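Heads up: the structure comes next, in structure tokens.
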Amino acid sequence: MKLLAISDTYIPAEFMAQGFSALKPLGVEVEVRRWEHPTLVALQEANLLIEKGGPEAVPLPAEVTDHVAGFDIVAVQFTPLSRKFIESAQRLKVIAVLRGGTENVDVACATERGIAVLNTPGRNARAVAECALGLILAEIRNLARAHACLKAGQWRRSFPNSDAIPELNGKTVGLVGFGAVARLLAGYLAALGSRVIAYDPYFQGDSGTVQMVDLPALLRESDVVSIHARLTDENRHLIGERELGWMKPTAVLVNTARSGLVDEQALVRALTERRIMGAALDVFDIEPLPIDHPLLQLDNVTLTPHLAGSSIDAFRNSPKLMAAHLERMLRGERDLPIVNGVWPRL
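Position 254 of the sequence shown, counting from 1, maps to 239 under my numbering, and the rest follow consecutively.
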């Protein structure tokens, strides 16, 4: 049995080889090919094209796509797998995607051909949760703004929220979405003494000490609102003009999920008019963020360039996590993260 792992700038070839080496005792031959980019920015730009235009939007070089007919499994992170690629891999039975989203794979084509598509849910959950906590603290305590001022030669201690700088102890933090990231963040916040509430119409199970509430209640009660939902057609602009109006004037909004969950123009207006205290954002409608974007003119925001999930541990561990899924699959176990309902024929 043969597995083709296609590395990229975030998960280099050595990580792929190390992670999938656990499958060799089970008779899996692993080959690693490289999808090369000169910089991380170049890879991010390719990813944006794929997210908007699908796996056909970015062509792959011949050294990646040639001679793929003999592989049973293909493992990728961001590499696009188009219909042409999938049809060329005549023995292909499993596509393993080393992240939660599968926008870079023609899942419909795979399903038509009886190919199982697996993802890696929660693979960077800890990275995003830790970054979300950092953004909360950076925004409410003016850490990034103070740093920028000192670098510019200014000893500044007065900021838009100077009359209401809080501590997280005793404050209410509302989590929109209660998946793996939010549950980790809830634990961090509990350790700081925060009251944590959450809204997630799809969550089932025991939420522990986290109180589940509806969205209006969450927005009205929270001192910090942190977004962790998946973006769907149904929840686009989940946080819009009306919802921002429900928030406290002293509250801040944090988004490390998807920009489409928030009406960005409505948020800019709310921040400009000081209807909410501030925001911390890692995701934007247009990336990279244009230099003339209105968010860059505001003094009550903390902005980072879509890096919440980018930690060395998240990238290093992704092939290991997928290798564990594939090992269970080869042993006939059925608890697998299959996204298209096709059971593997291995």
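Glycine included, every Cβ here is placed at the ideal spot set by N, Cα and C.
Owing to the predicted nature of the structure, the values given are computational and were not obtained by experimental measurement.
Cβ pair residue i, residue j closer than 8 Å
| i | j | result |
| --- | --- | --- |
| L103 | H310 | yes |
| R111 | L45 | no |
| E124 | V239 | yes |
| P290 | P275 | no |
| G294 | N89 | no |
| N334 | L135 | Residue 334 lies beyond the stretch modelled for the chain, which goes from -14 to 331, so this question has no answer here. |
| R221 | G193 | no |
| L(-11) | V13 | no |
| V198 | A171 | no |
| A165 | P106 | yes |
| I(-9) | V43 | no |
| L128 | D91 | no |
| L252 | L229 | yes |
| V247 | I271 | no |
| I323 | A47 | no |
| F0 | F300 | yes |
| R141 | A131 | yes |
| A183 | F163 | yes |
| Y173 | L216 | no |
Start-to-end residues for the alpha helix (DSSP H) that takes in residue i
| i | result |
| --- | --- |
| Y173 | A165 to A176 |
| E297 | Reading off the sequence, residue 297 comes out as Ile, not Glu. I297 to L315 is the span of the alpha helix (DSSP H), which, as asked, contains I297. |
| A(-2) | A(-2) to F5 |
| L204 | L200 to E206 |
Segment limits, beta strand (DSSP E) that includes residue i
| i | result |
| --- | --- |
| G159 | T157 to V161 |
| R18 | E14 to R19 |
| K354 | The shown model of the chain, from -14 to 331, leaves out residue 354, and the question about it has no answer. |
| I(-9) | K(-13) to S(-8) |
| R180 | R180 to Y184 |
| L281 | Per DSSP, L281 belongs to no beta strand (DSSP E) and is neither H nor E. |
| T287 | V286 to L288 |
Residue i: CB within 7 Å of a non-hydrogen atom of the ligand HEM
| i | result |
| --- | --- |
| L33 | Only the bare structure without any ligand can be found here, which leaves the ligand HEM out of the picture. |
Supposed close pair residue i, residue j - CB separation, criterion 8 Å
| i | j | result |
| --- | --- | --- |
| N285 | M262 | 7 Å |
| V237 | A265 | 7 Å |
| A175 | H213 | Not confirmed; about 16 Å, so no contact. |
| A93 | I71 | Not quite, the Cβ-Cβ distance comes to about 10 Å (not below 8 Å), so this is no contact. |
| R330 | G99 | 7 Å |
| A54 | R76 | 7 Å |
| L283 | T241 | Not quite, the Cβ-Cβ distance comes to about 18 Å (not below 8 Å), so this is no contact. |
| T50 | H22 | That pair is no contact at about 16 Å. |
| V79 | D57 | 7 Å |
- Are there three or more Cβ pairs, one per stretch, closer than 8 Å when the region 2 to 9 is compared with the region 18 to 34? no
For the region 95 to 130, list the alpha helix (DSSP H) runs that are entirely contained and at least 4 residues long, ordered along the chain.
-> 110 to 125
Report the start-end ranges of each alpha helix (DSSP H) in the region 210 to 267 that is 4 residues or longer and not cut off at the edges.
226 to 231 and 249 to 257
Minimum length 4: unbroken alpha helix (DSSP H) runs contained in the region 36 to 106:
47 to 50, 68 to 73 and 92 to 97
Report yes or no: do three or more beta-carbon pairs, one from the region 228 to 245 and one from the region 181 to 191, lie closer than 8 Å?
-> no
- Query: Would you call the region 153 to 164 and the region 207 to 216 touching, i.e. three or more CB-CB distances under 8 Å?
  - Reply: yes
Practice prompt. Spell out a yes or no on whether the region 297 to 307 and the region 77 to 86 are touching, meaning 3 or more CB-CB pairs, one atom from each, closer than 8 Å.
Written response: yes
Check whether the region 61 to 79 touches the region 118 to 132, taking contact to mean three or more Cβ pairs, one atom from each stretch, closer than 8 Å.
no
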